[in-house]
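Please read the structure below before turning to the comments.
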Amino acid sequence: MAVLGIDLHKHESQVAVLPNEPSDEEPLEEVRVANANLDEIAARYDGSRAVVEATSKYYTMYDRLSEHLEVTVANPLELSWIAESSHKTDEIDAQKLAELHRADIVPESYVPPEEIRSLRALTRGREHLVDERTKWKNEVHALLDQHGVEYKGELFSASGREFL
């Protein structure tokens, strides 16, 4: 068994693999890998523990890695005070994540189940569409104001749309 620290990025990630117990032979492996190939690393260390820092789109990686690894998602807001360093590199970040996870002191983020994630995505999508609709309605009102056009009723009712 091993402990993996994975510093996720958009297209590729840095992985540090440490033994389950501290030893002189650390790290077991350090590799920069395309995210498309992270499954290969996960399969190689099947059954091991891994930690990734929560990023804006970590769900996909979490799901893929969870097929082989026991994945913990670190809360970056709570993690910063633990892992602050003047020398920050992807290699150092990955190794520090693995070290903190091995010591069981990683502040975890909640990972909602797939059903909740889908509902959240649906809600965010709807919210975006409502915001866009409001923006365009405001544009129409602004154009009418610029041209001195007045309409006394509800502009986006059936009669208002007829007026437009």
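Numbering (the working numbering), first residue to last: 8 to 171.
The C-beta atom is built at its ideal place from N, Cα and C for all residues, glycine as well.
Since we're looking at a predicted model, the values are computed, not measured.
Option nearest T8 by Cα separation, candidates E77, L126 and H94: At residue 8 the sequence reads Met, which differs from the Thr that was named. Closest option to M8, Cα to Cα, is E77.
Rounded Cβ spacing between K58 and G12 (contact assumed at less than 8 Å): Note that residue 58 corresponds to Val in the displayed sequence, not to Lys. The pair is a contact, with the Cβ atoms about 6 Å apart (cut-off 8 Å).
V137 - DSSP class collapsed to helix/strand/coil: helix
Option nearest E32 by Cα separation, candidates R39, V40 and A23: A23
Where P83 sits in the DSSP three-state scheme: helix
Environment of R109 [buried if 16+ CB atoms lie within 10 Å]: buried
Spatial distance of S87 from R39 (CA atoms): Straight-line Cα distance between these residues: approximately 22 Å.
Alpha helix (DSSP H) segments (min. 4 residues) lying fully within the segment 24-77: 45-51 and 66-73
Limits of the unbroken alpha helix (DSSP H) element including L104: From DSSP, the alpha helix (DSSP H) with L104 extends over D97 to R109.
Three or more C-beta pairs below 8 Å linking the segment 109-118 and the segment 69-85: yes
Limits of the unbroken alpha helix (DSSP H) element including G167: Element bounds for G167: A165 to F170.
Beta-carbon proximity of A105 to P34, cut-off 9 Å: Closer than 9 Å, so yes.
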